[in-house]
Each structure stands twice: as structure tokens, then as C-alpha cells.
Amino acid sequence: MIEQRMTIDETSPPRTFEQFFREAEPGLRAALSGGYGAERGREAAVEALTYAWRHWERIRAMDNPHGYVYRVGERKARKGERRRRLVPLRTPDQAVSWGPHVEPGLAPALAELTLRQRQSVILVAGFGMTHREAADLLGVSASSIQSHVERGLANLRNALGVDS
Numbered sequence: 004m005i006e007q008r009m010t011i012d013e014t015s016p017p018r019t020f021e022q023f024f025r026e027a028e029p030g031l032r033a034a035l036s037g038g039y040g041a042e043r044g045r046e047a048a049v050e051a052l053t054y055a056w057r058h059w060e061r062i063r064a065m066d067n068p069h070g071y072v073y074r075v076g077e078r079k080a081r082k083g084e085r086r087r088r089l090v091p092l093r094t095p096d097q098a099v100s101w102g103p104h105v106e107p108g109l110a111p112a113l114a115e116l117t118l119r120q121r122q123s124v125i126l127v128a129g130f131g132m133t134h135r136e137a138a139d140l141l142g143v144s145a146s147s148i149q150s151h152v153e154r155g156l157a158n159l160r161n162a163l164g165v166d167s
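My numbering puts the first residue of the sequence shown at 4, with every later residue one more than the last.
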């Protein structure tokens, strides 16, 4: 089976909501799950895409509809959250369920990264997005993504005791 990568074509805005959904949903879910945990991230992605569907005529005319909908999802994920500290993605004993090829210390190490570092590392290193694609999704510059990825990976290497 050939794996499809999400690409965002800035030159031509999505014509239909269905096209937008197919382009945006995988990356949106990944970014929000990486930042807020799997369950909260999925719920926020659904809420953000529902909002986009309801306001499609206005959103489709925006310069960066993917980034705007991500921001909506981010607000939904934070709704009701009184503190900035994020819940770890999984506890160390749950990391085993990730499979035998995943370092058990990865989940706690990811949880210690800043929100933007965690999102950037997951989108670029985990999902294979380019810096530009991740930047468009998160509404920041590609150089910002590059910095977050570099710092995040350095922090992960340090936390896991891996030489660079």
C-alpha cells in the first residue's frame, strides 16, 4: 500500500469543503493530538472541522484556511483548561502498547517538550511533513518550525540519553 502524504497547495484554494477536509484532516488531527493528547486532539479536530463546515464560505476565501482551522481547533482543545501544563501523551506503562519498536521513555520525553516543539517534531519527524507544510498548518513560519524541530529533537535526545 502506498502511503499518501498531506500536501497543502497554497496556489489554489480548496474549491469544496470535501476537498479541504481530505487535505486538512490528517495533519490537523496529528497536530492537535501531538499537542493535547490523542483523545482531546481528535475531539478538537472534529469540532474545528465542524466549525469550518458551518462557516465554509468565509473560510474558503482566507489566505490560509488550514492555519485558521488549526487555530480554531487549538482554542477548542484549550477550552476549559485552567492550567498550561499538558497531560502526558501516555504514561510509561502505557508506552508498551505503542509496539515493541518504540522506546518506552519516548512518551514522557515528548510530554516534557513545549507544545510547539512537540507539534513540530510529530508533524515533521513523525508524519513526514516538510517544514513548509507544518508551518502552513500551524500558522507560523517555516524557519520557526525548523527551530522547534531542532530544539525538540535535541531535548528528546538529551532526555533519552542518545548521542547526536
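Ideal Cβ placement from N, Cα and C applies to all residues, glycine included.
In the displayed model, A110 falls within a helix according to three-state DSSP. DSSP, reduced to helix, strand and coil, places L116 outside both helices and strands of the structure shown, so it counts as coil. Rounded to whole angstroms, the separation of the alpha carbons of R154 and E106 is 19 Å. By the neighbour-count criterion, in which 16 or more other beta carbons inside 10 Å mark a residue as buried, M65 falls on the exposed side.
In this structure, Q122 and L141 form a Cβ contact; the two beta carbons are roughly 6 Å apart against a cut-off of 8 Å.
With respect to the 9 Å criterion, L52 and A27 are classified as neighbours on the basis of their beta carbons.
If you check the CB distance, G76 and A48 come in under 9 Å.
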